[in-house]
Each structure stands twice: as C-alpha cells, then as structure tokens.
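Reading through the structure tokens given below for one structure.
Residue numbers (the working numbering): 2 to 309.
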C-alpha cells in the first residue's frame with residue numbers, strides 16, 4: 002500500500018485537477034485473477050519502462066495509465082485482449098503508443114528555429130493538464146479491448162467533457178488519437194534568454210550573502226568606530242530595508258521573465274500587487290530610518306525631516 006500510494010501520488014493530483022475519477026483495479030476474486038494494488042503498480046511500471054523520453058512528461062504517463070486502466074477495468078474478462086487468446090506482439094505498445102507521441106515531440110525539437118517558435122517537453126506536457134486529453138485515445142491503432150470499451154462508452158455518453166461532441170456525434174466510436182491533438186497543441190511557455198536567470202535562480206543565496214555581509218559590516222564598524230549599541234542597532238536595522246529591496250528586485254525580474262501567453266490575468270494582478278506592496282513598504286522603511294537617525298542627533302538632519 003505504501004508503494005502504491007507513493008507511485009500514484011502525482012496521478013491522484015492529476016485526476017483531481019481534471020476532476021476525473023482515478024482508475025484503480027478492483028481486488029481479485031481468486032488467486033488466479035489479476036486485480037488490486039499489485040495490478041496497478043505492475044501496469045504503471047510497464048508503461049514507465051517503455052515510455053523512453055516520454056518520462057520527461059509526467060502527466061503524459063498519467064494519461065497513458067488512465068487510458069489503459071479505464072479500458073481494462075470497464076471490459077468484461079471474456080472480452081479482454083489477452084484473455085480471449087489474441088495477444089498482441091512484443092513491441093506493440095512502443096510502436097503504436099510511445100512512437101507516435103515521441104515523433105511529434107522529436108519533430109518539433111529538431112526544428113531549426115528560435116526557441117520562441119519551438120515547442121519543448123514542457124509545452125507538450127501542458128496539453129495533458131487539460132480536459133481535452135481525456136477525449137483522446139492513446140493510439141491510432143484500436144485493439145479489440147479498446148474497441149469494445151469505446152462502443153460501450155458511446156452508447157452511454159451523449160456529449161463529451163466540456164460540451165465537446167461525443168464519439169457518436171462525430172460519427173465514430175473511436176476518439177481522436179492523442180498524437181494528432183498533441184501536434185496542434187499551442188506553445189504555452191515562452192523562455193526569455195538572459196544571464197539574469199542566474200541571478201534569479203540563486204536569489205536566496207545572493208540575498209543571504211548580502212544580508213549577512215551587511216550585518217557583519219555593521220558589527221565590524223561598531224567595534225572599529227566605537228559606536229554605542231543604540232546607534233549600531235539603528236545601522237543594522239537597515240538590513241530590513243535591504244531585504245525588501247531584494248524582494249522588489251526579484252519581483253521585477255519575475256515580471257521581466259514572465260510571458261504574456263503563460264501568465265493569466267489573476268497571476269498578473271497578483272504580481273503587480275506584490276510589486277506595489279514592496280514599493281510602498283520600501284518608501285515607508287526609508288522614511289522611518291531617516292527619521293530615526295535624526296532623533297539620534299549624530300547626523301545632519303535629512304531634507305525629508307527638514308521639509309516637514
């Protein structure tokens with residue numbers, strides 16, 4: 002059970018996001034029948050073992066498992082491919098499922114164009130976060146088990162998810178292969194090439210170094226210039242201003258790197274609100290520190306204080 006929970010943690014999250022019921026095998030009726038958690042784990046490991054480069058798209062693997070497990074669970078035992086004696090040849094899954102999807106991904110990765118016009122693994126994986134993928138079949142080749150499953154599904158379904166036409170309305174009991182839908186999936190992530198990515202990626206390390214250096218410098222000047230503790234604490238409190246400046250810088254870099262196509266209105270509004278809040282806090286901190294130093298009467302009064 003612990004292994005099953007660990008392996009299918011991401012799959013459960015994927016099902017919750019798409020609001021679909023997870024497909025897990027029922028407990029076996031006899032010792033000779035397949036079923037239970039062991040069947041789920043075995044199916045997942047078989048899919049993962051032949052996934053090749055599709056492992057870079059974890060939600061794609063969730064879709065493949067969901068599709069295979071749903072057909073297997075909904076098909077009576079007497080109609081299942083292996084139990085009826087018509088077993089598939091070795092490599093069938095690789096040729097008909099993994100191969101077509103990989104061909105679509107590889108064709109885009111090999112394009113001699115800039116990265117802004119080339120879709121990568123992240124872009125293709127985003128397709129499997131949409132409900133549209135649930136109306137696709139994993140392969141162009143429909144096996145006997147899959148055909149019976151789709152015929153039974155077409156009789157009980159009048160419309161697809163999200164108002165999409167059902168298989169029967171399209172004049173067929175077989176859904177569109179996922180490789181065809183994947184070929185037309187849009188690019189969702191626009192990368193921005195700049196060396197500032199290094200600064201943004203290691204922001205916590207840089208921020209820790211800046212704040213640590215500032216505090217240690219304040220302590221060193223306190224001993225060297227013989228400051229009293231009141232003035233030393235006032236100087237060290239500027240570290241809060243430096244931390245807010247760093248946070249404002251990271252928010253501005255995030256804005257510069259964000260793509261208009263990848264950020265929705267809610268995320269954009271949240272980012273603008275964060276920048277505005279940081280800026281207001283920065284102005285307040287700067288004003289407060291200016292007034293606090295004036296109260297010590299150890300420095301000339303600032304223009305802000307003299308002005309009112």
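We put the CB at the ideal spot given by N, CA and C, even for glycine.
All of these numbers come straight from a predicted model, not from anything done at the bench.
inquiry  = Here's a check: name, in chain order, each residue in its chain whose Cβ is nearer than 8 Å to the Cβ of residue 287, leaving out the five neighbours to either side.
reply    = By one-based count along the chain shown, residue 287 stands at place 286. Residues of the same chain with a CB within less than 8 Å of the CB of residue 287, apart from the 5 flanking positions on each side, are 242 in chain order.
ask   = Rounded to a whole number of angstroms, what is the C-alpha to C-alpha distance between residue 198 and residue 253?
value = Residue numbering aside, residue 198 sits at position 197 when the chain shown is read from its first letter. Residue numbering aside, residue 253 sits at position 252 when the chain shown is read from its first letter. Taking the straight line joining both Cα atoms gives about 12 Å.
query = Are residue 283 and residue 246 closer than 8 Å when you measure CB to CB?
reply = To locate residue 283, count along the chain shown from 1; it is residue 282. To locate residue 246, count along the chain shown from 1; it is residue 245. Taking 8 Å as the Cβ cut-off, residue 283 and residue 246 qualify as a contacting pair.
message = Beta-carbon within less than 7 Å of residue 60's beta-carbon, same chain only, minus the 5 sequence neighbours each way: which residues are those?
response = Counted from its first residue, the chain shown places residue 60 at position 59. 15, 126, 129, 130, listed in sequence order.
key: Beta-carbon spacing of residue 69, residue 26 below 8 Å   = For the purposes of this step, residue 69 is identified with residue 68 of the chain shown, where counting begins at 1. For the purposes of this step, residue 26 is identified with residue 25 of the chain shown, where counting begins at 1. 8 Å or more divides the Cβ of residue 69 from the Cβ of residue 26.
query = If you draw a straight line from the alpha carbon of residue 268 to that of residue 224, how long is it in whole angstroms?
reply = Your numbering for residue 268 matches position 267 in the chain shown. Your numbering for residue 224 matches position 223 in the chain shown. Approximately 47 Å, taken between the alpha carbons.
request  = May I ask you to report which of helix, strand or coil DSSP gives residue 273?
outcome  = In the chain shown, counting from the first residue as 1, residue 273 sits at position 272. DSSP places residue 273 in helix when its eight states are reduced to three.
query = With distances taken between CB atoms, is the gap from residue 62 to residue 53 smaller than 8 Å?
reply = For this step, residue 62 is matched to residue 61 along the chain shown. For this step, residue 53 is matched to residue 52 along the chain shown. In this structure, residue 53 does not lie closer than 8 Å to residue 62 by Cβ.
task = Could you tell me whether the Cβ atoms of residue 102 and residue 55 are closer together than 8 Å?
result = One-based indexing of the chain shown puts residue 102 at position 101. One-based indexing of the chain shown puts residue 55 at position 54. One thing to note: residue 102 has its Cβ within 8 Å of the Cβ of residue 55.
Assigned exposure category for residue 292 - 16 Cβ within 10 Å defines buried = Residue numbering aside, residue 292 sits at position 291 when the chain shown is read from its first letter. Looking at its Cβ environment, which holds fewer than 16 other Cβ atoms inside 10 Å, residue 292 is exposed.
request  = From the DSSP output, read off the bridge partner residues of residue 138.
outcome  = Residue mapping note: residue 138 aligns to position 137 of the chain shown, counting from 1. Within the DSSP secondary-structure output, residue 138 pairs in a beta bridge with 178.
key: Nearest residue (CA-CA) to residue 108, options 275, 232, 251, 184   = One-based indexing of the chain shown puts residue 108 at position 107. When C-alpha distances from residue 108 are compared across 275, 232, 251, 184, the shortest belongs to 184.
request  = Express the C-alpha separation of residue 275 and residue 214 in angstroms, rounding to a whole number.
outcome  = Your numbering for residue 214 matches position 213 in the chain shown. Your numbering for residue 275 matches position 274 in the chain shown. Linking residue 214 to residue 275 through their CA atoms gives a straight-line distance of about 26 Å.
message = For residue 41, count the other beta carbons within 10 Å of its own beta carbon; 16 or more makes it buried, fewer makes it exposed. Which is it?
response = Numbered from its first residue, the chain shown carries residue 41 at position 40. Per the 10 Å Cβ criterion, buried.
key: Three-way DSSP call (helix, strand, coil) for residue 104 in this model   = Taking the chain shown and counting its residues from 1, the one referred to as residue 104 is at position 103. If DSSP states are grouped into helix, strand and coil, residue 104 belongs with the helices.
task = For residue 186, count neighbouring Cβ atoms within 10 angstroms of its own Cβ and tell me buried if that reaches 16, exposed if not.
result = For the purposes of this step, residue 186 is taken as the residue at position 185 of the chain shown. Classification for residue 186: buried.
ask   = For residue 238, which of helix, strand or coil comes out of DSSP?
value = One-based indexing of the chain shown puts residue 238 at position 237. The DSSP-derived three-state label of residue 238 is coil.
query = So what does DSSP say about residue 13, is it helix, strand or coil?
reply = Against the chain shown, residue 13 aligns to sequence position 12. Correct three-state label for residue 13: helix.
request  = Compute the Euclidean distance between the alpha carbons of residue 24 and residue 119, then round it to the nearest angstrom.
outcome  = As a working mapping, residue 24 is identified with position 23 in the chain shown. As a working mapping, residue 119 is identified with position 118 in the chain shown. Cα-Cα distance, rounded: 34 Å.
inquiry  = By the DSSP assignment, the alpha helix (DSSP H) with residue 204 in it spans what residues?
reply    = Here residue 204 corresponds to residue number 203 of the chain shown, with the count starting at 1. Note, residue 204: alpha helix (DSSP H), 204-225.
ask   = Taking the alpha helix (DSSP H) that residue 123 falls in, what are its first and last residues?
value = Looking up residue 123 in the chain shown gives position 122. Its alpha helix (DSSP H) spans residues 122-128.
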